[in-house]
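Chemist: Just so we're on the same page, the numbering used here is the position in the sequence shown counted from 1, plus 81. Input: one structure, supplied below.
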Amino acid sequence: MGTVVNEEVNDSKEDDSFYENAKIYWSKIPATVDGILGGFGFISKCDLESSEQFLQSLLIADNAPGGERALDCGAGIGRITKHLLMKFFKTVDLVEQNNEFLKKVNHYIGASTKLGKLYCSGLQSFIPEHKYDIIWCQWVLGHLTNEDLVKFLKICRSSLAENGLIVVKENVTSTGETEKDTVDYSLTRGLNTLLELFEQSDLKIETIQNQTKFPKGLYPVKMIALRSKSD
Numbered sequence: 082m083g084t085v086v087n088e089e090v091n092d093s094k095e096d097d098s099f100y101e102n103a104k105i106y107w108s109k110i111p112a113t114v115d116g117i118l119g120g121f122g123f124i125s126k127c128d129l130e131s132s133e134q135f136l137q138s139l140l141i142a143d144n145a146p147g148g149e150r151a152l153d154c155g156a157g158i159g160r161i162t163k164h165l166l167m168k169f170f171k172t173v174d175l176v177e178q179n180n181e182f183l184k185k186v187n188h189y190i191g192a193s194t195k196l197g198k199l200y201c202s203g204l205q206s207f208i209p210e211h212k213y214d215i216i217w218c219q220w221v222l223g224h225l226t227n228e229d230l231v232k233f234l235k236i237c238r239s240s241l242a243e244n245g246l247i248v249v250k251e252n253v254t255s256t257g258e259t260e261k262d263t264v265d266y267s268l269t270r271g272l273n274t275l276l277e278l279f280e281q282s283d284l285k286i287e288t289i290q291n292q293t294k295f296p297k298g299l300y301p302v303k304m305i306a307l308r309s310k311s312d
């Protein structure tokens, strides 16, 4: 059973409207798959199928990550942990800033020896305790400023096990410009902006793929595996 560890720290950025407004928004969202996916819960199956194919390709490649420990960032109630990461890793830790979501994790996932620690923290404040074979970041990096995103990725890079990878699965704009959502206060960046931020984080692209079979009208979604430049 996962036990919640509160990782929040007192930091002036926690009071910044960018983070505070998003925190208020998510505090009003039901702790369900549909709620966390913004009413698009019906895409979960397609999303997970594509993510599994992508992850499997990484795990059979040269210099593949191990299968010991993974980290699910912005984990919500554990959708990705339960249906993806637990299939491939012995232990999965979750980090999520909404404590109400974390309270639902044990019930949603059920009894599992693979469920590791549950960290209640915004990513801008999170410092990993372990080394990870995979750090999975999906639909969450838009809640970080550019500065904090680079800081977070550098911390993740230093928390990778041998041959470890960071996987980013995020919406990108078709215009290349950064767009701000006035409802949940997230940022959707252009692909080139993301790639530049990865470069600043001393990460290199291992592989990049498009999410397919999503309904028309949604943002394009990229799946990107990142490796430390020092590897």
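C-beta: ideal position from N, C-alpha, C; glycine also. From a predicted model like this one, the values you see are computed outputs, not experimental measurements.
#1: So, at 6 Å on beta carbons, what are the nonlocal neighbours of K185 in its own chain, with the 5 sequence-adjacent residues on each side left out?
#2: Should the segment 182-197 be called in touch with the segment 239-255, which here means at least 3 C-beta pairs below 8 Å?
#3: Once the 5 residues before and after D174 are set aside, which same chain residues still bring their CB inside 6 Å of it?
#4: Given R160, which residues of its chain have a CB within under 6 Å of its CB, disregarding the five upstream and five downstream residues?
#5: Where do the N-terminal and C-terminal ends of the beta strand (DSSP E) with Y100 fall, by residue?
#6: Can you tell me where the alpha helix (DSSP H) with G116 in it begins and where it stops?
#7: Less than 7 Å separating the beta-carbons of L230 and L278?
#8: What residue does the alpha helix (DSSP H) around I190 start on, and which one ends it?
#9: Could you round the C-beta distance between L166 and L246 to whole angstroms and report it? I think they count as a contact, below 8 Å.
Modeler: So, from the data block:
#1: Its chain contains A112, I158 as the residues whose beta carbon lies nearer than 6 Å to that of K185, once the 5 sequence neighbours on both sides are disregarded; these appear in chain order.
#2: Judged by Cβ distances under 8 Å, the segment 182-197 makes no contact with the segment 239-255, as fewer than three pairs qualify.
#3: For D174, where only same-chain residues beyond five positions count, the Cβ hits under 6 Å are L152, G197, K198.
#4: Here the set comprises V114.
#5: Element bounds for Y100: not the beta strand (DSSP E) but the alpha helix (DSSP H), 98-108.
#6: Taken as a continuous stretch (DSSP letters only), the alpha helix (DSSP H) holding G116 covers 114-117.
#7: Going by C-beta atoms, L230 is nearer than 7 Å to L278.
#8: Element bounds for I190: 186-190.
#9: Contact doesn't hold; Cβ gap of about 13 Å is too wide.
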